[in-house]
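Some notes on the structure that comes next.
Here is the structure:
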């Protein structure tokens, strides 16, 4: 070993030979290092492959065209847009001006001699093998070369006739149809034959049908109008190709005519932000991540990578120590033949280097192979095709170097320990006296106190989550550094234990060099699990306390607001058939204009209604001001606070519930029973033709409620903007107020069909409320959902099940993860302990110890490591969770106090009180089940009898 090159070459050869001899141990360490490399490399390949280049984006959005033109719907006024053509705003608009609205003639902006292709998109309920399916219909001549790349053909051919269509593969799969099948639409019985299938590369899960321009949407709209329904809307854009394309200056010139342009040339070479006028307007900047955000992201990634490397090093370090211990005679021979301590260190470090390089190669190769093999599945899961399989060697090399670095770091401590062994001890097999460092626990204690103080300061003073996280991480590292000393404290409990656990504790204390890393690895995994579990359990308790049911427990509601309630009878029948219905209440809604109008529709012939609140009952903070503006601004904070606290008109009196248009439903007394309103006077009022209300503000001084029918929605919207009452016909209906502020679950008023008819109101079916005698099981819900899906309607279905814990599966997964890491770390430490304790076991066998002692000792050695790590990790994990919850509570409390000070909240409002809940179930699994399981597993896999041999002198 004349030079460092020759010495390292020899060391690597020795390490490679040792790794090959101990295949099981080498495979274990290689897997621990290679699996994260595999995951990160596969993620990098998937992310880069799915990240489209500007040219690929252009091909998928505008095909072979040079630009896509579309109307900005701003009445043709000059506009500003972003380079991608996704955002636009009027070029000149004052703060108090109305946003321009209206169409413009896009065709006037087409350049002379340009090739133009129309692309129109609408929707329709199409017939399928299972019923109806709301589907997007796109009229585009897909066979035209200009459209190449937008919808690649998979099978069959493009439509050539007006009665032919092609469909996306996802639509064919969902609908049960195939090429050669025919389809039609509700209210439009004209048949169309499917002649091909295609896909949208950016939206693989889209249900879409393609037809020739003018072949479907126009005749479909005519048929729908004949059925008495509003004409369905559609959007249109134009693919334009011309020689030379469209530069950014061309785009800006076309913008002056109110047209948005997505240009290929601009997408490929976008202008600087300073040259984009839209970005200079207030509130319209380019909000891509800046340097500060990128720095924060890099810091977060570096932290995660660092913690992952620390965990792997803690797990793999004892495995390298096992190799060094079993090769101590070989290392002693190296020293006896003139090798220096540096040569011993080089041999052990080379073991980490060899395993690290092998893990890097295996992880990277498997990542490339698996990503290629699973590419179709990854694309389906992401819902889009890869642009190309993008392999970036420098990024993969950097990830691979992490594996090499991890292997070297994991071998550092075993290398230093092995180099400190005397040649004589190594050759004779003597273990000598092992002294633990006295400096490291002191450093750990200082880090623990400092980190705890920082976390406490962050949670109680600064309100900065980053400070809490940093302090918690520092405190946890301090606990890791104190692990050898804490292991010694655990050892003092051995005097009260039987033989096997006493021997296990003594062995762990005497050999802290191998026990501490394993305990620290368990500690880190358990601390993270306990921190996340405590935080999520606390959030669950907070959500449970703030949960407001939308309906009484066990009640179901189903609404259909489209097509004048055409599918409501079928929905009611499905609810009755598939749910255990005890009491059912059918409800209607008030409609103004055409029966098929949707609520709040501005289509021709459609109107709306509103419940008139008497001026005397309106809260002054919410009264509309002529000319617009916020009426609350004219009051001082003290006045606002007083009104919110003392004025009944300004107090929030409604509970959450199912959304009801205008708060008014048309039904009978059964609805009150389903909602749990037990009021005989209310039932009598309905029978007498009065309207029953839960809102005191709706009733005027004459005891009536005014219902206004608005037929001119344009005039109503303008009046609303100007702070004036909307014009309309008002009908007054006698009213009854339900006393006691009962929870009506979103409903403000109810009237019978007869009362609605007497008031001159038209109604259409809306849906059903159903009280059940028990919650429906999974099979019943699936049958109901399947039956509703066949209708193809937008059915709003809700079954009140009470608060549902969303974090239960997450907590269980975290506990399983921590358990696996604990068992793995404890198993590694047990393997090392068996190598160290072989002489003791032989002595026990020689003096007549039963064979089961070997098995029980192995089990207790594993259980001791697991128990120590779990106990320390559970204690360390509570700090960050408590700190984060206290930070959140201070943040919410600050907003609450600020809201009261500014007069936006009354003084009677309850201040936020965030609970901190310890997940005892998770802790019980970690503290009891995991150590016990680790001990039993180690005992089961250990042989009861070992080879009897002469014990070496110590």
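Residue numbers (the numbering used here): 9 to 962.
Glycine included, C-beta positions come from ideal geometry on N, C-alpha and C.
DSSP, read as helix, strand or coil, puts residue 172 in strand. Three or more Cβ pairs closer than 8 Å define a contact, and the segment 223-242 falls short of that threshold against the segment 35-52.
For residue 390, the enclosing alpha helix (DSSP H) covers residues 383-390. Here DSSP, grouped into helix, strand and coil, assigns residue 658 to coil.
In this structure, the CA atom of residue 655 is about 57 Å from the CA atom of residue 65. Separation of the CB atoms of residue 721 and residue 610 is rounded to 5 Å, and the pair is thereby assigned contact status at 8 Å.
Put simply, the backbone Cα of residue 945 is about 12 Å away from that of residue 937. Closest by C-alpha distance to residue 585, out of 557, 62 and 789, is 789. With a cutoff of 9 Å on beta-carbon distance, residue 89 and residue 258 are scored as not near each other. Within the segment 99-135, the beta strand (DSSP E) runs of at least 3 residues that lie entirely inside it are, in chain order, 123-135. Sequence-distant Cβ neighbours of residue 390 in its own chain, meaning closer than 7 Å and more than five residues away, are 58.
With respect to the 9 Å criterion, residue 172 and residue 222 are not classified as neighbours on the basis of their beta carbons. The alpha-carbon separation between residue 375 and residue 416 amounts to approximately 22 Å. In this structure, DSSP gives residue 806 an extended state, which the three-state scheme calls strand. Nearest to residue 287 by C-alpha distance, out of 99, 560 and 831, is 99.
The beta carbon of residue 719 sits closer than 6 Å to the beta carbons of 615 from its chain, once the five residues preceding and following it are set aside; these are given in chain order. A Cβ-Cβ contact shorter than 9 Å links residue 666 with residue 565. Rounded to the nearest whole angstrom, the CA to CA distance from residue 686 to residue 625 is 27 Å. CA-to-CA, the gap between residue 54 and residue 350 works out to about 43 Å. Going by beta carbons, residue 632 and residue 557 fall outside the 9 Å limit. Shown here, residue 186 sits in coil according to DSSP, grouped into three states, outside any helix or strand. Taken atom to atom, the span from the alpha-carbon of residue 284 to that of residue 72 is near 25 Å.
Counting the other CB atoms within 10 Å of its CB gives residue 466 a total of 16 or more, which places it among the buried residues.
Judged by their CB atoms, residue 241 and residue 130 are nearer to each other than the 9 Å cut-off.
Taking a cut-off of 8 Å on C-beta distances, the segment 641-654 does not touch the segment 740-752, as fewer than three cross pairs fall below it. The three-state reading of DSSP puts residue 143 in strand, counting E and B together. In the three-state scheme derived from DSSP, where H, G and I count as helix and E and B as strand, residue 191 is classed as strand. Excluding its 5 nearest sequence neighbours in each direction, residue 621 has C-beta neighbours in its own chain below 8 Å: 705 and 706, listed in chain order. For residue 460, same chain residues with a beta-carbon under 6 Å away, outside a window of 5 residues either side, are 483 in chain order.
Shown here, residue 586 sits in a helix according to DSSP, grouped into three states. The beta carbons of residue 248 and residue 125 sit closer together than 9 Å. In this structure, the alpha-carbon of residue 115 lies about 20 Å from that of residue 108. Taking C-beta atoms under 8 Å as the contact rule, residue 530 and residue 874 qualify, at a distance of about 6 Å. The Cβ neighbour count for residue 814, taken over all protein chains shown within 10 Å, is under 16; the residue is labelled exposed. Shown here, residue 740 sits in a strand according to DSSP, grouped into three states. As a beta-bridge residue in DSSP terms, residue 759 pairs with 674.
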